[in-house]
Each structure stands twice: as C-alpha cells, then as structure tokens.
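Student:
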Amino acid sequence: MAKGKEFDEGMDAGVALTLADIALQIEQPERADALISHAIKLAKDSGDNDQLAWALLTKARITNDGNVLTEAEEWVASSEDEWLRSAYNNQCGIHALEAGDIPAAKASFAQSLALKEMLEDKVGQANTLYNLGEISREEGNVEQAKEFHARCVDLLEELGDRKGMVNGLAILGHLEATEDNVDGAVIHYEAALEIAESEEDFEGTVVSRWGLAEMARAMGDQDLELQHLSQVMAGFMQLGRPTPEPIKNRLNELADTIHGGI
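Remember, the working numbering sits 10 above the position in the sequence shown when you count from 1.
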C-alpha cells in the first residue's frame with residue numbers, strides 16, 4: 011500500500027475495508043477514513059452494491075452518522091447477504107440507542123439477533139444479547155435483563171471468553187441483588203470471582219469482591235464484608251493504585267464498628 015492517500019491500483023473495496031479496520035485498531039483514524047472513502051468509490055465504480063453497503067456501514071460505525079445508515083438502507087434492502095443485514099440492523103440499534111430511541115434500538119437489535127442465530131454467529135449473538143440485557147436493565151425489567159445476560163454468559167462460555175464471563179456474571183449478581191435475592195447474588199459474584207482470579211483479571215476481581223462485600227453487608231456479616239474489602243484494598247496497593255474513596259470510607263466505618271477505631 012502506497013503512502014499518503016494514494017492506494018494500490020489492484021486494491022478492491024473489500025481489501026480497503028479490511029485495511030481500514032486495521033488502521034482503526036492501530037489508532038490511525040485519518041488513514042481509516044481515507045480507506046473507507048476509497049472503498050466507497052471503488053464499490054460505486056464497480057457497481058458492487060453489497061460492497062458499497064459494507065463500506066457505508068463501516069463509515070457509519072466509526073462516525074455514528076445516521077445519514078450514512080440511511081444511504082446504506084437501499085442497498086441492504088436489495089441484498090441477499092444475511093451477514094450484511096445482521097450488521098446493518100445491529101448498527102441501526104447502536105445508533106438508535108445512542109440517540110435515546112429505545113423502542114427503535116430494541117427492534118433493530120431483535121432483528122439482528124434473529125439473523126445472528128440463523129447464521130450461528132455466536133460472537134455477534136453475545137454482543138447483541140448484552141445490549142438487549144442492558145436496555146432491559148435500564149428499563150427496570152429485571153427478569154428480562156437476567157434472561158438476556160444469562161444467555162450471553164452461556165455463549166461466552168462456549169466461546170472461551172472468560173473475562174467476558176466475569177462481567178456477565180457480575181451483572182447477574184447485581185440484578186439478583188436488586189431483587190433482594192442475596193443467595194442468588196452471592197452465587198453469581200462467587201462464580202465471577204473464581205474466574206477473575208484464575209484469569210488475573212484485576213478489575214473483575216474488584217467488582218466481584220465489592221459485590222460480595224455488599225451482600226455480606228446485607229446479611230449483617232461485618233467480618234466477611236471487612237475481609238472482602240480488605241482484599242480489594244490490598245490489590246490496589248499491590249498495583250500502586252489509589253484505593254477508591256467509597257472503599258476506604260467503608261473500611262474505616264467497619265474498623266470503628268468492629269474494633270472501636272484504629
């Protein structure tokens with residue numbers, strides 16, 4: 011590939027889009043934008059409407075421009091590429107979600123999920139289930155949120171994404187806690203903690219132990235709460251990172267209560 015904004019003559023739209031994704035990964039947004047524009051031009055020149063739709067979707071993904079999505083709609087509607095349809099619906103869901111149009115986001119994600127299930131796209135399914143779960147959580151529909159996130163965790167387990175599982179299990183723990191189901195919350199937080207520690211996932215460990223500390227507090231077990239929070243603080247200290255104020259404040263409260271102050 012030539013330097014600057016000149017591209018190899020033999021490059022097709024698909025290659026240009028692949029290189030654009032690579033440019034984004036290595037934080038070269040201007041290069042990515044130029045490659046996407048080049049892909050759009052190539053697709054238009056060749057009359058390849060599927061590639062044109064993919065190029066427009068890629069542009070929409072990095073710019074969150076609804077006008078670009080509208081432009082892509084015509085080509086997606088006439089395409090027989092189900093992967094393209096799935097990606098289009100997913101991007102429409104993301105755009106609607108960021109615009110605050112929850113009903114439109116739910117409808118688009120549901121359509122995308124149905125296509126991803128047909129295509130057996132497990133990674134895509136997990137991502138969409140997560141989005142649907144978070145929408146349900148924001149709406150206060152806890153049971154539906156639990157269903158979506160549980161399905162997401164199952165897929166992440168199949169995919170071997172253990173860090174993703176930690177996040178999903180912690181979310182399930184939080185959802186159980188909102189319904190005052192302490193036992194259910196503890197089960198999920200402990201499962202998340204076990205995986206987080208085996209993966210040396212510090213953030214996951216903190217979230218899991220914080221959740222377990224909150225459940226210990228709900229049960230009135232101050233010693234167990236102190237144990238979890240102390241281990242969280244020790245982890246921050248080992249990494250040379252400041253302990254968050256809420257954790258320090260709660261530890262001081264516990265110290266005053268249990269030991270009469272230090």
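Glycine residues also receive a C-beta, built at the ideal position from the N, C-alpha and C atoms. As the structure is a computational prediction, the values presented were derived from the model and not from experiment.
#1: Expressed to the nearest angstrom, what Euclidean distance is found between the alpha-carbon atoms of MET175 and VAL196?
#2: Enumerate in chain order the residues of its own chain whose CB-to-CB distance from PRO39 is below 8 Å, with the five nearest sequence positions on each side excluded.
#3: Helix, strand or coil for MET229, going by three-state DSSP, please let me know.
#4: Output the residue ranges of the alpha helix (DSSP H) runs that lie fully inside the stretch 31 to 119 and measure 4 residues or longer, sorted by chain position.
#5: What residue range does the alpha helix (DSSP H) around MET175 cover?
#6: Can you grab the Cα-Cα spacing for the pair ALA265 / LYS258, in whole Å?
#7: What's the call for VAL86, buried or exposed, on a 16-neighbour Cβ count within 10 Å?
#8: Could you name the residues of the same chain whose beta carbon sits closer than 7 Å to that of VAL152, not counting the 5 residues immediately before and after it, in chain order?
#9: Between the Cα of GLY194 and the Cα atoms of SER118, ALA53, MET229, which residue gives the shortest distance?
#10: Please report whether the beta-carbon of SER218 lies at a distance below 9 Å from any beta-carbon of chain C.
#11: Is ARG147 helix, strand or coil when you go by DSSP?
#12: Below 7 Å CB to CB, which residues in the same chain sit around LYS173 once its five sequence neighbours on both sides are set aside?
Tutor: Based on what the coordinates show:
#1: 16 Å
#2: ALA33, ILE72
#3: coil
#4: 39 to 56, 59 to 73, 76 to 87, 92 to 108
#5: Counting along the chain, the unbroken alpha helix (DSSP H) around MET175 starts and ends at 172 to 188.
#6: 10 Å
#7: Per the 10 Å Cβ criterion, buried.
#8: LEU185, THR188, GLU189
#9: MET229
#10: No chain C appears in this structure, which consists of one protein chain only.
#11: Annotated three-state conformation of ARG147 is helix, per DSSP.
#12: GLU209, ASP211, GLY214
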